[in-house]
Amino acid sequence: MDLAGARVLVCGASGVLGAALSDALHAAGARVVAAGRDQERTAAVAGRCGTTPLTFDVIDVRSCRQVVDAAAEQLGGLDVLVVTTGVAAFGPAVSADAAVVEELFAVNTLGPMALVRAAAAHLPPGGAVVVVSAILADSPTTGMAEYSATKSALAAWLSVLRREQRRAFTVLDVRPPHMDTGLADHPLAGQAPALPGGHPLDDTVTTTLDALRAGKREVVWDASAKALVIR
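Printed below as a string of structure tokens:
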């Protein structure tokens with residue numbers, strides 16, 4: 009995909025990774041609409057991109073549909089949806105609070121699914137959806153059972169979607185390792201265990217854009233090479 013002139017909606021643009029992807033896509037020549045929960049931070053990203061910011065609630069299916077429709081109207085269509093929404097929670101599986109688990113799945117799994125469904129109605133042949141899940145989809149981690157499950161479920165759904173829509177649009181699942189985005193510092197519950205040093209944000213962003221340009225299906229962590237790989 010040629011990103012120059014591409015019409016892109018970034019959902020989760022008020023977060024660190026979403027903002028970085030928005031800026032990189034804009035620098036690559038894409039027309040980027042920033043959407044997020046935090047109005048002030050989303051507006052700052054949109055200001056750099058020269059578009060009108062949108063706010064939405066990822067746990068509200070109707071809000072997800074409305075933000076996609078609003079972005080398509082603002083851009084005169086939609087070529088790419090990028091989803092970077094997410095929350096974390098930590099602690100033993102047997103003591104997880106039901107309300108926390110429900111919110112984890114709402115934000116990390118059901119919300120992204122709703123956004124993709126809404127975008128599918130707008131994407132032209134050759135369009136793309138880019139969804140950031142996490143390394144937890146490949147490596148479920150002790151003390152993060154529910155968090156891991158949300159990412160595994162999302163990755164499984166994306167793999168089926170890719171097969172179903174192979175003639176319609178590209179599905180890119182990005183599963184990076186831990187990054188210092190602040191997500192682990194504000195969990196819904198529990199306290200983050202000792203985590204490895206954060207993978208460079210710039211590398212995740214650059215690799216994601218390279219994969220999008222090439223029409224690839226996954227960005228994953230290669231533990232032996234200690235690097236992100238595109239496949």
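Just so it is clear: in the sequence shown, position 210 is 218 by this note's numbering, and no numbers are missing. Cβ atoms here follow ideal geometry from the backbone N, Cα and C, with glycine treated the same way.
First through last residue of the alpha helix (DSSP H) which encompasses residue i
i: G119; result: 119 to 128
i: D10; result: D10 -> no alpha helix (DSSP H), and no H or E assigned at all.
i: A27; result: 24 to 35
i: V109; result: 106 to 113
i: V69; result: 69 to 83
Residue interval of the beta strand (DSSP E) (run including residue i)
i: F177; result: 177 to 182
i: L131; result: Unbroken run through L131: none, as it is neither H nor E.
For residue i, the residue or residues it bridges with in DSSP
i: D210; result: Note: D210 sits in no beta bridge, so no partner.
i: T63; result: G44
i: I238; result: V227
i: C19; result: A43, V91
i: G99; result: M152
i: V140; result: V182
Closest Cα partner of residue i within the set the options
i: V124; options: V109, T92, G37, A197; result: T92
i: V227; options: A202, A43, D146, A28; result: D146
i: V108; options: Y155, T149, P132, S141; result: Y155
i: A231; options: A14, H186, R221; result: H186
i: A35; options: Q173, G13, A127, V75; result: G13
i: L25; options: G85, T59, V95; result: V95
i: L83; options: Q47, A101, T59; result: T59
i: A122; options: G85, E81, Q47, L166; result: L166
i: T216; options: R183, E81, A126, T150; result: R183
i: P204; options: D211, D188, L169, H194; result: D188
Cut-off 8 Å between Cβ atoms - residues of its own chain near residue i, not counting five sequence neighbours on either side
i: I67; result: E111, A114, V115, L118, G119
i: P148; result: S156, A157, S160
i: F64; result: C19, A43, G44, R45, S71, C72, Q74, V75
i: Q173; result: A128, V179
i: G85; result: R15, H130, P132
Beta-carbon proximity list for residue i, same chain, < 6 Å, skipping 5 on both sides
i: L33; result: V16, V40
i: G238; result: At residue 238 the sequence reads Ile, which differs from the Gly that was named. A219, K224, V227, listed in sequence order.
i: R53; result: The displayed chain sequence assigns Val, not Arg, to residue 53. If we look at V53 and ignore the five residues flanking it on each side, its Cβ neighbours are A21, A27, S30, A42.
i: L89; result: L17, A127, V137
i: A101; result: A153
i: P208; result: none
Own chain partners of residue i with C-beta closer than 7 Å, once the 5 adjacent residues on each side are dropped
i: M152; result: F98, L144
i: T133; result: Reading off the sequence shown, one finds Pro at residue 133, where the question assumed Thr. Excluding residues within five positions, the ones whose Cβ falls inside 7 Å are A176.
i: C57; result: S30, H34, V40, A42
i: E81; result: none
i: A79; result: L17, V41, A43, L62, L86
Residue i: CB within 7 Å of a non-hydrogen atom of the ligand MN
i: I67; result: Absent from the structure shown: the ligand MN. Ligands present: none.
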